[in-house]
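Read through the structure below, which is laid out as structure tokens, and then see the notes.
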Amino acid sequence: MELPDAARELLRRKAWGHVITRNASGSPQVTMVCVDEANGDLVFNPTVDRKKGPNLAADARVVVSVQDVENPQRYLVVRGQTELATDGAAEHINKLAHKFMGTDYTTSLEGRVIVRVKATRISGAGPWMQS
Numbered sequence: 002m003e004l005p006d007a008a009r010e011l012l013r014r015k016a017w018g019h020v021i022t023r024n025a026s027g028s029p030q031v032t033m034v035c036v037d038e039a040n041g042d043l044v045f046n047p048t049v050d051r052k053k054g055p056n057l058a059a060d061a062r063v064v065v066s067v068q069d070v071e072n073p074q075r076y077l078v079v080r081g082q083t084e085l086a087t088d089g090a091a092e093h094i095n096k097l098a099h100k101f102m103g104t105d106y107t108t109s110l111e112g113r114v115i116v117r118v119k120a121t122r123i124s125g126a127g128p129w130m131q132s
């Protein structure tokens, strides 16, 4: 399912998300990430060797919660299946660095991966619930 326009607008702003994946033991793993929107999907850009990378390779299910910094009572929750892609990942992390920090990404670009969340359920509190 494609994200509603209001959710896409939230993700195009400087939006931080909390990504929840599942560890090998089955326990949840939570990480804050910079999120973005691309072609109706929520996207983020971790490295393949961090906890999220192996977790998503083993289990593509994910939950991402995003709070609206302009109105903290509004939040978006996207549950879905992930697709991982390395093509364009270096360019994408630079785009995120400019969006969130106003500069090029200065850490190693090796091992970056674009995670695209194909939404299966959208919830939260905000105008995206009215779409």
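Sequential numbering of the sequence shown, starting at 2, is according to the numbering used here.
The C-beta atom is built at its ideal place from N, Cα and C for all residues, glycine as well.
CA-CA distance, residue 69 to residue 26, rounds to 32 Å. Residues 33 of the same chain have their beta carbon placed closer than 6 Å to that of residue 17, with the five preceding and five following residues left out of the count. Sorting 77, 84, 114 by C-alpha distance to the C-alpha of residue 131 places 77 at the top.
Annotation: the continuous alpha helix (DSSP H) that includes residue 100 extends over 90 to 102. In summary, residue 59 is exposed, with fewer than 16 beta-carbon neighbours lying within 10 Å of its beta-carbon over all protein chains present. Bridge pairing for residue 85: 116 [DSSP].
With fewer than 16 other CB atoms across the displayed protein chains lying within 10 angstroms of its CB, residue 28 is exposed.
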